[in-house]
Amino acid sequence: MTQLAPSKPESKLSQGIDLGIRFFTRSSLWLVSIFGLAFLYVPIAILIIYSFNKSRFNAVWRGFTLDWYRNLLGVGGGEIGTTDVLIWESLKTSIIVGVISTIFATIFGTAIAIAMERFRFRGRTLIDALLFLPIVIPDITMGVSLLVFFSLIFKLIENLLGIRIVLGLPTVIIGHIAFNISFVAVTVRARIAELDPALEEAALDLGANEWKSLWRVTLPLISPAILSAALLAFTLSLDDFVITFFTAGVGTTTLPIFVYGMIKFSITPAINAISTLMLLASLVLVVSSLGAQRR
Numbered sequence: 011m012t013q014l015a016p017s018k019p020e021s022k023l024s025q026g027i028d029l030g031i032r033f034f035t036r037s038s039l040w041l042v043s044i045f046g047l048a049f050l051y052v053p054i055a056i057l058i059i060y061s062f063n064k065s066r067f068n069a070v071w072r073g074f075t076l077d078w079y080r081n082l083l084g085v086g087g088g089e090i091g092t093t094d095v096l097i098w099e100s101l102k103t104s105i106i107v108g109v110i111s112t113i114f115a116t117i118f119g120t121a122i123a124i125a126m127e128r129f130r131f132r133g134r135t136l137i138d139a140l141l142f143l144p145i146v147i148p149d150i151t152m153g154v155s156l157l158v159f160f161s162l163i164f165k166l167i168e169n170l171l172g173i174r175i176v177l178g179l180p181t182v183i184i185g186h187i188a189f190n191i192s193f194v195a196v197t198v199r200a201r202i203a204e205l206d207p208a209l210e211e212a213a214l215d216l217g218a219n220e221w222k223s224l225w226r227v228t229l230p231l232i233s234p235a236i237l238s239a240a241l242l243a244f245t246l247s248l249d250d251f252v253i254t255f256f257t258a259g260v261g262t263t264t265l266p267i268f269v270y271g272m273i274k275f276s277i278t279p280a281i282n283a284i285s286t287l288m289l290l291a292s293l294v295l296v297v298s299s300l301g302a303q304r305r
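Count along the sequence shown from 1, add 10, and you get the number used in my numbering.
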C-alpha cells in the first residue's frame, strides 16, 4: 500500500504551531531576562536617585539637591556633621578590613590553588572538600563557629598566660580571611586547570627550576585570575555583615554594621550618597581590571 502524503492544511497548521512555540519561547526568555536585570539594577538606580533627595527621609521625594554629597565631602559650603563623621569612620574600618583580608586571602588562596592543581598528596580529597565548605555553608553558621572558636582560644590564653583578649578589628580581619580564601582558591584554580602543562615543562627543559618556572611562567599566566579573585574578595569583605557582626565585638564598626544600626532610627540620603560613591569606585576598579587584563 502506498502511504498518503500529509495534506497541505495540516502542514501549514504544524508550521504555525512551531512558529508560535518559537515566538513564545523567545518572548519568555526576553521577559525573564528583562525581569532579572530589573530586579538587579532598579534598586541600585533608586538608591542613586534618592541620594539627591532634599528630604531626610527616603520614602518622600522633596526635590533635587547636592547637599548630602557636600556634607559628606565637606566641600561647596557643606558641613560635616556627626553622622557624616561616623559614616567615614565606618567606611575607613571597612576598607582597612577589606584591604588586609584581601591581601592575605589572595596569597593563601593562590598558594592553595597551585598546590591543589599541580601536586598529588594524601588528604587532597579532604582538603578539596573543606575548601568548598565556607562557600556552601550559611554565613550565620560561619559567623557563630568563628565566635565560638575565638571564645575558646581567648579563654585558653587567659587561663595559661593571664592575658585577656577581646573581639575587635583583628578578629574581623581573621574572619574575613577565613571565608575569602575559598573564593580566591576556587577562582584561581579554575584558571590553572585551563593552562597547558607543556608550558611549564618547556621552562623546566630550558633549565629553569620549579620556583623560576612558577614565577616566570605560571604566575604571569594566571595573574588576571588572581586580580579578579582579589577584587571579588575585597567586594565580599566590604559587603559582609553577618560574619562581621559575630566577630567585631564592641568598638569595631564597619559600614554594613553602621547602616544596620541606622535602620533602627532612619536611613538618611547620606547613606545613599556614600553608597553611590562606593559604587562609582567599584566601577572604576572593574574598568581598570578589565583594562589590565587586555594588556
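All C-beta atoms, glycine included, are put in the ideal place defined by N, C-alpha and C. From a predicted model like this one, the values you see are computed outputs, not experimental measurements.
Per DSSP, cross-strand counterpart(s) of residue i
i, result
"PHE74", "ASN63"
Close beta carbons around residue i, own chain, < 6 Å, minus the five adjacent residues each side
i, result
"GLY73", "LYS64"
"ILE191", "ALA115, PHE118 and GLY119"
"PHE131", "none"
"VAL158", "none"
"MET11", "In this prediction, MET11 has a pLDDT of 48, which is less than 50 and means its spatial position is unreliable; what the coordinates show is noted afterwards. Hits under 6 Å: none found."
"PHE129", "none"
"PHE244", "GLY108 and THR112"
"GLY259", "VAL176, LEU177 and GLY178"
"THR278", "ARG66"
"PHE45", "none"
"ALA69", "none"
Contacting residues, own chain, Cβ-Cβ under 7 Å from residue i (five flanking each side not counted)
i, result
"LEU101", "LEU265 and ILE284"
"GLU210", "SER223, VAL227 and THR228"
"ALA123", "ALA195, VAL198, ARG199 and ILE202"
"ILE167", "ILE173 and ILE175"
"ASP149", "VAL252 and ILE253"
"MET152", "PRO144, PHE189 and ILE253"
Spatial distance of residue i from residue j (CA atoms)
i, j, result
"ASN282", "VAL227", "45 Å"
"VAL194", "LEU242", "8 Å"
"THR120", "VAL252", "25 Å"
"LEU83", "ALA218", "53 Å"
"LEU179", "ILE273", "23 Å"
"LEU177", "ILE183", "11 Å"
"ILE105", "LEU229", "26 Å"
"PHE268", "VAL154", "20 Å"
"LEU39", "PHE49", "15 Å"
"GLU99", "ALA280", "14 Å"
"ILE58", "TRP78", "12 Å"
"LEU41", "ILE54", "20 Å"
"TRP71", "ILE56", "11 Å"
"ILE236", "THR181", "25 Å"
"PRO144", "PRO207", "29 Å"
"ASN169", "ILE175", "11 Å"
"ILE173", "GLY261", "19 Å"
"ARG36", "LEU47", "17 Å"
"LEU205", "LEU231", "8 Å"
"THR103", "ILE97", "10 Å"
"LEU290", "LEU216", "46 Å"
"TRP225", "VAL296", "25 Å"
"ILE147", "LEU162", "22 Å"
"VAL52", "PRO234", "30 Å"
"GLU220", "PHE164", "41 Å"
"VAL85", "PHE255", "33 Å"
"PHE160", "MET288", "31 Å"
Cut-off 8 Å between Cβ atoms - residues of its own chain near residue i, not counting five sequence neighbours on either side
i, result
"GLY271", "THR263"
"MET126", "ARG134, ILE137, ASP138, LEU141, ALA195 and ARG199"
"THR75", "PHE62, ASN63 and LYS64"
"VAL294", "none"
Presumed contact (8 Å Cβ cut-off) between residue i and residue j, rounded CB distance
i, j, result
"SER111", "SER292", "Actually they are not in contact, since the Cβ atoms of SER111 and SER292 sit about 17 Å apart, beyond 8 Å."
"SER61", "THR286", "5 Å"
"THR116", "ALA213", "Not quite, the Cβ-Cβ distance comes to about 24 Å (not below 8 Å), so this is no contact."
"LEU171", "THR257", "Going by Cβ atoms, the distance from LEU171 to THR257 rounds to 22 Å, so no, they are not a contact pair."
"HIS186", "ASP250", "7 Å"
Chain C contact for residue i (CB, 9 Å cutoff)
i, result
"ILE281", "In the displayed structure, chain C is absent; only one protein chain is listed."
I'd like the ranges of any alpha helix (DSSP H) spanning at least 4 consecutive residues and lying wholly in the stretch 98-165. Within the stretch 98-165, the complete alpha helix (DSSP H) runs of at least 4 residues are 134-146.
Going along the chain, which unbroken runs of the alpha helix (DSSP H) with 4 or more residues stay wholly within the stretch 196-259? If we require 4 residues or more, the alpha helix (DSSP H) runs fully inside the stretch 196-259 come out as 207-215, 220-223, 229-249 and 252-257.
I'd like the ranges of any alpha helix (DSSP H) spanning at least 4 consecutive residues and lying wholly in the stretch 169-195. none
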